[in-house]
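Protein sequence lines correspond, in order, to chains G and V. Heads up: the first sequence begins at 1 in full-length UniProt numbering, then just goes up one per residue. Heads up: the second sequence begins at 1 in full-length UniProt numbering, then just goes up one per residue. Idealized CB from N, CA, C, for every residue including glycine. Since we're looking at a predicted model, the values are computed, not measured. Written out below as structure tokens is the structure these notes cover.
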Amino acid sequence: MNVIALSPLDLTVAAALVVALAALTARIGMGLSRSLLIAGTRTVIQLLLIGLVLRTLFDHAQLYWVALLSLVMLAVAGHEVMARQGRRFTGWWGYGIGTSSMFVSAFAVTVLALTTMIGPAPWWEPQYAIPLLGMLLGNTMTGIALGLDRLTQTAWQQRRVIEARLMMGHSWGMSISAIRRDAARSGLMPIINAMAAAGIVSLPGMMTGQILAGTPPMEAVKYQILVMFLITAGTGFGTLGAVWLGSKRLFDERQRLRLDRLKAGKK
Amino acid sequence: MSRDASEAVLDVRGLRTAHVGPVDFRLLPGEICKLSGPSGAGKTLLLRALADLDPNQGTVLLDGEDRDRITPTEWRRQVAYLPAEPLWWEERVGLHLDARAGDDMLRLLGFEAGVRDWEVERLSSGERQRLALVRLLENRPRVLLLDEPTANLDPANTRKVERLVRDYVSENGAAALWVSHDPLQRQRVGGRSLVIDATGLHEEAA
Numbered sequence: 001m002n003v004i005a006l007s008p009l010d011l012t013v014a015a016a017l018v019v020a021l022a023a024l025t026a027r028i029g030m031g032l033s034r035s036l037l038i039a040g041t042r043t044v045i046q047l048l049l050i051g052l053v054l055r056t057l058f059d060h061a062q063l064y065w066v067a068l069l070s071l072v073m074l075a076v077a078g079h080e081v082m083a084r085q086g087r088r089f090t091g092w093w094g095y096g097i098g099t100s101s102m103f104v105s106a107f108a109v110t111v112l113a114l115t116t117m118i119g120p121a122p123w124w125e126p127q128y129a130i131p132l133l134g135m136l137l138g139n140t141m142t143g144i145a146l147g148l149d150r151l152t153q154t155a156w157q158q159r160r161v162i163e164a165r166l167m168m169g170h171s172w173g174m175s176i177s178a179i180r181r182d183a184a185r186s187g188l189m190p191i192i193n194a195m196a197a198a199g200i201v202s203l204p205g206m207m208t209g210q211i212l213a214g215t216p217p218m219e220a221v222k223y224q225i226l227v228m229f230l231i232t233a234g235t236g237f238g239t240l241g242a243v244w245l246g247s248k249r250l251f252d253e254r255q256r257l258r259l260d261r262l263k264a265g266k267k
Numbered sequence: 001m002s003r004d005a006s007e008a009v010l011d012v013r014g015l016r017t018a019h020v021g022p023v024d025f026r027l028l029p030g031e032i033c034k035l036s037g038p039s040g041a042g043k044t045l046l047l048r049a050l051a052d053l054d055p056n057q058g059t060v061l062l063d064g065e066d067r068d069r070i071t072p073t074e075w076r077r078q079v080a081y082l083p084a085e086p087l088w089w090e091e092r093v094g095l096h097l098d099a100r101a102g103d104d105m106l107r108l109l110g111f112e113a114g115v116r117d118w119e120v121e122r123l124s125s126g127e128r129q130r131l132a133l134v135r136l137l138e139n140r141p142r143v144l145l146l147d148e149p150t151a152n153l154d155p156a157n158t159r160k161v162e163r164l165v166r167d168y169v170s171e172n173g174a175a176a177l178w179v180s181h182d183p184l185q186r187q188r189v190g191g192r193s194l195v196i197d198a199t200g201l202h203e204e205a206a
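Dropping the structure here:
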């Protein structure tokens with residue numbers, strides 16, 4: 001495989017584009033320049049760090065290092081899910097619902113893919129396990145964050161409708177069913193759109209990266225299909241789980257709507 | 001469940017929430033009890049606590065059976081709360097009503113059976129209030145918790161609602177707690193009057 005190495009100057013030119021965009025948004029008063037610059041800086045620092053970590057990990061491939069890095073990634077993703085909530089659950093639940101759903105879905109799908117589909121030896125080979133888990137966690141995190149945010153915001157806005165149904169003797173599940181469906185849909189929409197547009201409107205990032213790195217196109221396509229299906233499954237199961245757990249938490253043992261279990265987030 | 005006339009339909013002992021109580025009172029079979037008090041005294045909060053919509057402590061018995069032994073969904077069907085501004089969640093009226101029951105009640109309140117096809121969005125506030133009462137009564141509740149159920153109604157429709165509630169309560173041996181600020185309505189409805197204020201819940205002298 002022939003990889004054309006990128007020089008620092010190449011990256012600087014790309015970074016200049018983001019800086020130019022930030023300058024433009026500042027000029028027209030959109031208030032996004034600060035976020036763009038912070039996110040751009042975070043990208044550079046985080047990716048350089050993970051590059052160093054991965055290089056070390058590949059040189060010293062041990063299961064416990066892979067497990068440790070996986071847990072760190074999960075912990076950060078859980079924090080991101082919580083930070084993206086307009087109204088988050090109070091106490092441990094604010095962190096726990098998203099994190100536990102990601103743990104069950106993303107980890108299960110990654111382990112399944114590694115042991116039955118990709119089959120590296122050993123199955124936790126960091127070159128496969130970490131990028132795959134990273135892609136799954138990243139997408140699952142987005143789906144769960146969107147789903148939970150929609151759930152709690154809509155429940156807050158429609159609290160009187162939910163209670164109107166409770167007053168009629170409907171169960172908590174019936175009373176929030178439409179909101180739950182809507183929340184799950186909003187969490188799954190990005191990945192459904194990505195699948196529908198793949199190859200026609202857009203060339204998915206992973207496939208593009210592989211092709212740029214010299215992988216034959218058909219091999220890259222097969223990997224991309226596999227990854228998209230895994231991401232869909234991980235995001236879907238994770239979002240459904242998180243939305244169900246979240247909606248259950250909005251009611252107590254006497255099926256009363258408990259919006260006092262939410263508090264305003266920083267979003 | 002016993003339906004002895006001497007036994008209370010609803011027996012409330014030491015009910016308290018974060019903002020109301022403790023309160024004690026009983027509603028007897030066939031009784032409509034009025035509830036009044038200044039704004040902010042906790043009338044709505046008391047009704048919500050009775051319907052078990054807000055966290056509360058105390059003992060509440062329905063026909064002698066402890067609330068804790070009745071599922072919350074069944075409790076709210078039996079101890080039915082009608083808020084001052086009832087809400088709807090489906091597009092058409094009929095989707096909220098039982099397809100078979102309720103026609104007599106609809107007629108009593110001045111509606112034809114075709115009302116089931118009406119769009120909820122196009123209902124006036126008075127129509128919403130009257131239809132919400134039918135929606136509630138279709139569950140055949142034992143206790144009605146009525147929070148100003150005629151606030152948006154003209155005098156003729158107000159009388160129809162009063163008659164429907166009176167008939168329902170007496171025919172079924174049910175009971176009602178009726179929040180009303182209208183002195184004439186309070187006279188027409190009759191029965192005991194409870195007052196809630198900063199000092200608690202009291203029975204008003206006749």
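Looking at the strands, I want to know which residues DSSP matches up with residue i.
| i | result |
| --- | --- |
| L145/V | Y81/V, L177/V |
| K263/G | R88/G |
| R42/G | R42/G is not bridged to any residue. |
| R107/G | Note that residue 107/G is Phe in the sequence shown, not Arg. Paired residues: none, contrary to the question. |
| D11/V | R26/V, L61/V |
| A242/G | Bridge partners of A242/G: none, in fact. |
| S202/G | A198/G |
| R186/V | Per DSSP, none; premise fails for R186/V. |
For residue i, which three-state DSSP category applies?
| i | result |
| --- | --- |
| H19/V | coil |
| L131/V | helix |
| D167/V | helix |
| R27/G | helix |
| R3/V | Because R3/V carries a pLDDT of 48, less than 50, the predicted location of this residue cannot be relied on, and the following value inherits that uncertainty. Coil. |
| V161/G | helix |
| T12/G | helix |
| I196/V | strand |
| H60/G | coil |
| E253/G | coil |
| H79/G | helix |
| L5/G | In the sequence as displayed, the identity of residue 5/G is Ala instead of Leu. Of the three classes helix, strand and coil, the one that applies to A5/G here is coil, per DSSP. |
| R181/G | helix |
| L201/V | strand |
| E125/G | coil |
| R258/G | coil |
| R92/V | strand |
| E219/G | helix |
| E138/V | coil |
| E121/V | helix |
| T116/G | helix |
| residue 258/V | Here chain V comprises residues numbered 1 to 206, so residue 258/V is not present and cannot be evaluated. |
| I192/G | helix |
Out of the options, state which residue places its alpha-carbon closest to the alpha-carbon of residue i.
| i | options | result |
| --- | --- | --- |
| L62/V | A132/V, V9/V, L136/V | V9/V |
| I192/G | M218/G, M167/G, T142/G | T142/G |
| T232/G | V109/G, S7/G, L49/G | V109/G |
| M228/G | S175/G, A183/G, A106/G, I176/G | A106/G |
| L95/V | L164/V, R107/V, L131/V | L131/V |
| A205/V | L87/V, K34/V, A49/V | K34/V |
| R185/G | V13/G, I50/G, I144/G | I144/G |
| G187/G | G94/G, T235/G, R256/G | T235/G |
| A75/G | S33/G, G98/G, P122/G, V161/G | G98/G |
| D98/V | E112/V, E90/V, E138/V, R163/V | E138/V |
| G138/G | D59/G, L230/G, E163/G | L230/G |
| L177/V | R188/V, G40/V, D154/V, R192/V | R192/V |
| R122/V | D197/V, E91/V, F111/V | E91/V |
Do residue j and residue i come within 8 Å of each other at the CB atom, strictly closer than that value?
| i | j | result |
| --- | --- | --- |
| A22/G | L9/G | no |
| S175/V | E31/V | One detail in the question is off: residue 175/V reads as Ala in this sequence, not Ser. Their beta carbons are under 8 Å apart, which means A175/V touches E31/V by this criterion. |
| S36/V | V195/V | yes |
| V93/V | L109/V | no |
| G238/G | T140/G | yes |
| V3/G | G147/G | no |
| R261/G | F89/G | yes |
| S221/G | I130/G | Inspection of the sequence shows that residue 221/G is occupied by Val rather than by Ser. Not a contact, by the Cβ cut-off of 8 Å. |
| S247/G | R150/G | no |
| T152/G | Q85/G | yes |
| P141/V | V79/V | yes |
| S125/V | N157/V | no |
| G96/G | R76/V | no |
| L250/G | I176/G | yes |
Counting only C-beta atoms, is residue i closer than 8 Å to chain A at any point?
| i | result |
| --- | --- |
| S247/G | No chain A is part of this structure, whose protein chains are labelled G and V. |
Problem - Every unbroken alpha helix (DSSP H) within the region 29-84 of chain V, with a cutoff of 4 residues, ordered by chain - result: For the region 29-84 of chain V, whole alpha helix (DSSP H) runs of length 4 or above, ordered along the chain, are 43-50, 72-78.
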